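Each residue of the sequence shown is one higher than the one before, counting from -5 in the numbering used here.
Please read the structure below before turning to the comments.
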Amino acid sequence: MTKWLQSGRRRDMCVLLAGADGGELRGQQLKSRLESQYDDHLEPKAFYGSLSALVDAGFVEKRTAGIHDVYTLTDGGERRLREHYEWVRECLHRDGSAQ
């Protein structure tokens, strides 16, 4: 398992990007959605550090649109997210009790 999957925050960022309309979100939109899910404030430095790590690893792409940075999941990021989803699904269904 690659290091990015060991961080729940990074996984959740990728999940939100994968489910975004148009497949992209501005940084602040992504932060707001994650804070809403966690019902907690995220420090900008920690949030953007996690996002930068995903960009540096090649799982998320960053581009500038006007004055905003916009983020999308790369093919590699989507592949890793789907692999993680399959692992979770297998674990939940291993004993046959999860639906």
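Cβ atoms here follow ideal geometry from the backbone N, Cα and C, with glycine treated the same way.
Fair warning: this is a prediction, and the values are worked out from it, not measured in the lab.
Given Ala14, which residues of its chain have a CB within under 7 Å of its CB, disregarding the five upstream and five downstream residues? Within the same chain, no Cβ atom closer than 7 Å to the Cβ of Ala14 is found once the five residues on either side in sequence are excluded.
In the DSSP assignment, find the alpha helix (DSSP H) that holds Arg74 and state where it starts and stops. Taken as a continuous stretch (DSSP letters only), the alpha helix (DSSP H) holding Arg74 covers 69 to 87.
Delimiting residues of the alpha helix (DSSP H) encompassing Ala51: Unbroken alpha helix (DSSP H) run through Ala51: 38 to 51.
Can you list, in chain order, the residues of its chain whose CB lies under 6 Å from that of Val49, leaving out five sequence neighbours each side? Lys56, listed in sequence order.
Using 8 Å as the threshold, is the segment 5 to 22 in touch with the segment 64 to 79, meaning 3 or more CB pairs across them? The answer is yes - the segment 64 to 79 touches the segment 5 to 22, with three or more Cβ pairs under 8 Å.
What did DSSP end up calling Ala12 once you bin it into helix, strand or coil? DSSP, reduced to helix, strand and coil, places Ala12 within a helical segment of the structure shown.
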